[in-house]
Amino acid sequence: MALFLSMGLRHCPRSVPCPVSQPDGPAVCPYSETEFWRQAQASWQPLHGNFHRLGFSVEWHDFTLSSPLDWGPTFHPEGVEICLNLSGSGRVWSSSGGEIQLEPGMAAFYGRRRAPLLAERAAGQRHQFITIELSLAFLRRQCAEAASWHPAVRQLVKGRARTALSAPVRMTQAHRLLLAGLRHPPSHRSAARMWYLAKVLEAASLFLLAPEEEAAEENAVSRLQRLNQERVLAVAAYLREHLTEELTLEQIGRKVGVSPCYLSRIFAQTMGCGIFQYLRDLRLDRAAELLRTGKNNVTEVALEVGYSSLSHFSQAFRERFGCCPGLYPVQTPVQRVADAGKAHA
Numbered sequence: 325m326a327l328f329l330s331m332g333l334r335h336c337p338r339s340v341p342c343p344v345s346q347p348d349g350p351a352v353c354p355y356s357e358t359e360f361w362r363q364a365q366a367s368w369q370p371l372h373g374n375f376h377r378l379g380f381s382v383e384w385h386d387f388t389l390s391s392p393l394d395w396g397p398t399f400h401p402e403g404v405e406i407c408l409n410l411s412g413s414g415r416v417w418s419s420s421g422g423e424i425q426l427e428p429g430m431a432a433f434y435g436r437r438r439a440p441l442l443a444e445r446a447a448g449q450r451h452q453f454i455t456i457e458l459s460l461a462f463l464r465r466q467c468a469e470a471a472s473w474h475p476a477v478r479q480l481v482k483g484r485a486r487t488a489l490s491a492p493v494r495m496t497q498a499h500r501l502l503l504a505g506l507r508h509p510p511s512h513r514s515a516a517r518m519w520y521l522a523k524v525l526e527a528a529s530l531f532l533l534a535p536e537e538e539a540a541e542e543n544a545v546s547r548l549q550r551l552n553q554e555r556v557l558a559v560a561a562y563l564r565e566h567l568t569e570e571l572t573l574e575q576i577g578r579k580v581g582v583s584p585c586y587l588s589r590i591f592a593q594t595m596g597c598g599i600f601q602y603l604r605d606l607r608l609d610r611a612a613e614l615l616r617t618g619k620n621n622v623t624e625v626a627l628e629v630g631y632s633s634l635s636h637f638s639q640a641f642r643e644r645f646g647c648c649p650g651l652y653p654v655q656t657p658v659q660r661v662a663d664a665g666k667a668h669a
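The number in the numbering used here is simply the position in the sequence shown, starting from 1, with 324 added.
#1: Within the continuous beta strand (DSSP E) that includes F433, where are the two ends?
#2: Starting from A504 and walking both ways along the beta strand (DSSP E), at which residues does that stretch end?
#3: Which residue's Cα is closest to the Cα of L573: Y602, L458 and G429?
#4: I need the boundaries of the alpha helix (DSSP H) containing H474, first residue and last residue.
#5: If I'm right that P750 touches L426 with Cβ under 8 Å, what's the distance once you round it to whole angstroms?
#6: If contacts are defined as beta-carbon pairs under 8 Å, then F375 and E444 qualify, I think. What distance do you get, rounded to the angstrom?
#7: On the criterion of 16 or more Cβ atoms from any shown chain inside 10 Å, does C585 qualify as buried, or is it exposed?
#8: Assign M331 to one of two classes, buried (16 or more other C-beta atoms within 10 Å of its C-beta) or exposed (fewer than that).
#9: With a cut-off of 8 Å on the beta carbons, I'd call A446 and G414 a contact; round off their distance for me.
#10: Going along the chain, which unbroken runs of the alpha helix (DSSP H) with 4 or more residues stay wholly within the region 547-600?
#11: What is the rounded straight-line gap between the Cα of S411 and the Cα of G448?
#12: Does the structure place the region 390-406 close enough to the region 431-439 that three or more beta carbon pairs sit under 8 Å?
#13: Using a Cβ-Cβ cutoff of less than 6 Å, which residues in the same chain neighbour I406 once the five nearest sequence positions on both sides are dropped?
#14: Is the CB-CB distance between S367 and R616 below 9 Å?
#15: Tell whether a beta-carbon distance below 9 Å holds between H372 and F453.
#16: Distance check for A439 and F600, CA to CA, integer angstroms please.
#17: Would you mind listing the beta strand (DSSP E) stretches within the region 380-460 that are 3+ residues and don't spill past its ends, in chain order?
#18: Is the beta carbon of H451 sitting closer than 9 Å to the one on F387?
#19: According to DSSP, is A488 part of a helix, a strand, or is it coil?
#20: Might you give, ordered along the chain, the residues of its own chain that have their beta carbon closer than 8 Å to the beta carbon of V524, omitting 5 neighbours on each side?
#21: For the putative contact between M495 and L571, defined by C-beta atoms under 8 Å, what is the C-beta separation to the nearest angstrom?
#22: Return the bridge partner residues of N374 from the DSSP annotation.
#23: Which residue wins for smallest C-alpha separation from E423, given the options C648, G429, S490 and V629?
#24: So for L532, helix, strand or coil by DSSP?
#25: Run the CB neighbour count on Q593, radius 10 Å, all protein chains shown included, and call it buried at 16 or more, exposed below.
#26: For the candidate residues A626, R486, R550 and A611, whose alpha-carbon lies nearest to that of F591?
#27: If you run the structure through DSSP and keep just helix, strand and coil, what is V629?
#28: Which value, in whole angstroms, describes the spacing of the CA atoms of A516 and P392?
#29: Which residue comes first and which comes last in the alpha helix (DSSP H) that contains A640?
#30: Among residues of its own chain, excluding the 5 on either side of A498, which ones have a beta-carbon nearer than 8 Å to its beta-carbon?
#31: Within the continuous alpha helix (DSSP H) that includes A319, where are the two ends?
#32: Which value, in whole angstroms, describes the spacing of the CA atoms of W417 and L441?
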């Protein structure tokens, strides 16, 4: 029998979100993921939201396990969680029956009222995934028409089921664009809440609504939208492959066969940021990975990800992660989470 890492975090017994208001501080809830991921020594980054206050939360996970991890205690009661699984194998199941097997490149949703869900992340693998956590109250506010929900969500929302498990699906272009966009939000902090709310509702519409009959034929507008999505995905892949090179819009546009002006417009519309901001975020994410290994100093990392100026690299890194690169490797996971939250607030 597989041994699980035990984090000592129990499932919250309450059937409703339970923040307790403090007279001189933020609401506090005995249910918290921060302590769980800290003890697991896993990289966990809240990107935006607050499950108890706003009804939704978006979180990025990136870690490697030496032992299987029971990750079920992180699932909020009275909530539904959408998982976009980029890498690593995992499964979610209910004691009353039903199981989701999540393989790399798959997506699924699962939810619960009071009853716990069981979950496992496999050992010896790198796990990278985004979760979009939605409270049942938030879902009711957004769509009062019960018939519109996926049958599993409908039963959970109406109180006819204790848990909900979807069938896993291979991530489509729309899912991958959603994942990429969530990891690279607009730089304007004042627009972050509105932007993330739109993305969360997009995710809910992709996964949680009842499937509709597909149109028999693709019209001209949808064909153009699909083609533009393919172009944007091709550009994103090209940027990852040429991370350190000095690229121009003209050069990138030639790769996908469109003008620089048109490419800039469709990329920003799809990804929520410009091409070179996206490239900068890719470089800084790679820099953070290198710094976490502790094998390179800051100057070496800056050069490795394409920065010739150490001061420019340090300024950009601090804007994205909330701390200077020289401190990043020695910070505790909780400090990194706190600083990342400030950078994306």
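Backbone N, C-alpha and C fix where the C-beta goes; we use that ideal spot for every residue, glycine too.
Let me lay it out:
#1: M430 to R436
#2: No beta strand (DSSP E) holds A504; the alpha helix (DSSP H) holding it covers Q497 to R507.
#3: The option with the nearest alpha carbon to L573 is Y602.
#4: That residue, H474, is in no alpha helix (DSSP H); it is neither H nor E in DSSP.
#5: In the structure as shown, the chain starts at 325 and stops at 669, and residue 750 therefore has no counterpart that could be examined.
#6: For F375 against E444, the beta-carbon gap comes to about 22 Å, at or over 8 Å, which does not count as contact.
#7: exposed
#8: Confidence at M331 is low in this model, with a pLDDT of 39, below 50, so its placement is unreliable and the value that follows should be read with caution. It is buried - the Cβ of M331 has at least 16 other Cβ atoms within 10 Å.
#9: At roughly 7 Å, the Cβ-Cβ gap stays under 8 Å, so A446 and G414 are in contact.
#10: 573-580 and 584-595
#11: 12 Å
#12: Segment contact: the region 431-439 against the region 390-406, three or more CB-CB distances shorter than 8 Å; contact assigned.
#13: F433, I456, A527 and F531
#14: yes
#15: no
#16: 46 Å
#17: Taking only runs of at least 3 residues, the beta strand (DSSP E) segments lying wholly in the region 380-460 are 380-388, 403-411, 414-417, 423-426, 430-436, 442-445 and 450-459.
#18: A contact, by the Cβ cut-off of 9 Å.
#19: strand
#20: G373, F380, V382, I456 and L458
#21: The Cβ separation is near 26 Å, so there is no contact.
#22: F380
#23: S490
#24: coil
#25: exposed
#26: R550
#27: coil
#28: 35 Å
#29: L634 to F645
#30: L530 and Q553
#31: In this structure the chain extends from 325 to 669, so residue 319 is not present and cannot be described.
#32: 6 Å
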